[in-house]
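What follows is one structure encoded as structure tokens, with my remarks underneath.
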Amino acid sequence: MIQYYLDLEKQVKNIKEKALSQGQIQKIYSTAYFISLAIRAPGKTWHLFIGRGGGQEGLWLHDSPPPSVLRRKDNFLEYFRRHLSACSFLDVSLDKYDRIAKLTYQKFGEEQSFLLFWKGRKLYFLHHYQEQPEAPFKLLLSWRGKAFIPGIEITDLYEYFDEIGRHHDMKHDMASPEIYGMEKLLEDELKASNLKGMGSAPTFLQRKKDNIEDDLRRTKQWDKLQAILDKGESLDMYELKVGDHKIKFEGELNPYERRNLLFQKIKKLKRGESILSERLKTVTDQLAGKETTVAATSTIPITKPIWGEEKTPTFQAPKNTADEYKILSLENCQIGVGLNSQGNDQLRNKWANKEDYWIHLDGQKSSHVVIKLPTGQALDPQTLNLGASIVAHFSHFNADWIPIIYTQVKNLKGVSGAAGMVIYKKEKHLQCPRVNLDNVIKD
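Numbering (UniProt numbering), first residue to last: 1 to 443.
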């Protein structure tokens, strides 16, 4: 089933109403069509199902895990297990524009995020996470295939999906006539599985039944051992043979210790008889057709997300133009400022030199500023305050004190495929006072 935006919105609201916040993510399963997270909430365990794409797109909440006959393993499941198992579930939310669901959870005491984007019958995902306590956060964009340590250019994780066609003008006026429950969707998957190589199931079940009956026959011989105890027969021997069972009395054992060994053997056989009787009943019902699930494994193809499979994004960012950055010529320096993400890249790659200074708002999305000084001139506080004020002006940051990071351009590295994003090192953090720009910026 494909959930439209309004359907997904209803599902997210329903999940929020179940008060899953701070519930522990326990077992994680997968079928060919879904990923399932078991979340232990107060008084109940819920199972959050995630559609893998290919016609199963959206989120569902169910009170049972997927049946074992449908469970499958692949890299996507193992990735979920490695990163989300035993974490605290925090929240689920929905992008205000497109069909992107955001799962937030807590690990190593930090909030981490897993975003899912259903587009064109495909599933793309984004993961913002830590691998170890105190380690820097990494970002995995499934359509690129490799994780990297992000810069700070995009603070809204949803914006990363712009490069693969996230809509900003989608009309939220379509909804499915009916949102099928998880039980029906699993039944449909079960039917699809039964079409693939299930003809040998009765033979397998009959062989299983025969083995259980043989084991059960041996466990029922406990009554013969019990008769020996009841009659008080002597156990002064090295080995006792009764039916299919042998009991060795090794070492210097007194009569009580010998009787205790026999008693422990009887207890094990009784327990085995009880377990095997239940198994025999189950397999007998399966052979008689009373149970709907078949003791076999699903063989239908697993729907896989887009994970490093697309070498180029389906949406191409506009090409740079000469007007996407601005140069301000001052008495003792030149200051360049990017007017958008492409302009930030263009400023760094085409205009700046490696010894120039790069400035950005600390911890916030902002324009990039580059200060170009005459050869041999050091960066003084007045010029730095001026650069910080220009960053604030073009980023619409209005506070009187401006938090910035700055470093030399040679310490920057652009991120392939992400316009305006950089990875930086050797940076310094500073609070700069705002200065008047009336004589610097003339509209």
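Each residue gets a CB set at the ideal place from its N, CA and C atoms; glycine is no exception.
Taking residue i and residue j to be in contact with their CB atoms under 8 Å, please state how far apart those CB atoms are, rounded to whole angstroms.
i           : j      : result
Ser277      : Leu205 : Their Cβ separation, rounded to whole angstroms, is 17 Å, which puts Ser277 and Leu205 out of contact at 8 Å.
Leu347      : Val370 : 6 Å
residue 445 : Asp362 : Summary: the structure shown does not reach residue 445, with the chain confined to residues 1 through 443, and so no result is reported for it.
Gln226      : Ile266 : 6 Å
Leu20       : Ile39  : 5 Å
Ile302      : Arg72  : 6 Å
Leu253      : Leu229 : Their Cβ separation, rounded to whole angstroms, is 15 Å, which puts Leu253 and Leu229 out of contact at 8 Å.
Glu110      : Gln130 : 6 Å
Measuring alpha carbon to alpha carbon, tell me which of the options ends up nearest residue i.
i      : options                          : result
Phe80  : His393, Ile28 and Tyr256         : Ile28
Leu185 : Tyr424, Gly58 and Lys44          : Gly58
His83  : Asp63, Pro65 and Tyr105          : Tyr105
Glu103 : Asp356, Ile25 and Ser68          : In the sequence under discussion, the amino acid at residue 103 is Leu, which differs from the Glu named in the question. Out of Asp356, Ile25 and Ser68, Ile25 has the C-alpha closest to the C-alpha of Leu103.
Arg99  : Phe108, Ile423 and Lys171        : Lys171
Pro177 : Tyr424, Leu373 and Met1          : Met1
His128 : Ser142, Ile39, Gly272 and Ser234 : Ser142
Lys246 : Asn254, Arg144 and Met237        : Met237
Leu157 : Glu78, Gln56, Ile35 and Leu94    : Leu94
Gln377 : Tyr424, Ile228, Ser85 and Glu331 : Glu331
Glu427 : Arg52, Ile359, Lys365 and Ser389 : Ile359
Phe76  : Pro305, Asn436 and Leu280        : Pro305
Asp345 : Thr45, Ile149, Glu134 and Met421 : Met421
Val92  : Ala41, Asn14, Lys413 and Tyr406  : Asn14
Looking at the structure shown, is residue i part of a helix, part of a strand, or coil, going by DSSP?
i      : result
Pro313 : Any reading at Pro313 needs caution, since the residue's pLDDT is 45, under 50, leaving its predicted position unreliable; the model's value is listed next. Residue state, collapsed to three classes: coil.
Tyr97  : coil
Pro403 : strand
Leu347 : helix
Tyr33  : coil
Asp380 : coil
Ile371 : strand
Ser274 : helix
Trp222 : helix
Asp215 : helix
Ser366 : coil
Pro255 : helix
Phe394 : helix
His83  : helix
Gln106 : strand
Ile179 : coil
Which residue or residues does DSSP assign as beta-bridge partners of residue i?
i           : result
Trp307      : DSSP lists no partner for Trp307.
Phe117      : Ile100 and Tyr124
Ala38       : His47
residue 449 : As displayed, the chain neither begins before 1 nor continues past 443, which places residue 449 out of reach and without an answer.
Lys246      : Lys241
Looking at residue j and residue i, is the spacing between their C-beta atoms short of 8 Å?
i           : j      : result
Gly336      : Tyr325 : yes
Leu384      : Cys333 : no
Leu115      : Phe108 : no
residue 476 : Lys248 : Examination of residue 476 is not possible in this model, given that the chain is present from 1 through 443 alone.
Gly23       : Phe89  : yes
Leu328      : Val440 : yes
Ser193      : Leu70  : yes
Val415      : Lys354 : no
Arg434      : Ile402 : yes
Leu6        : Ala147 : no
Gln11       : Phe34  : no
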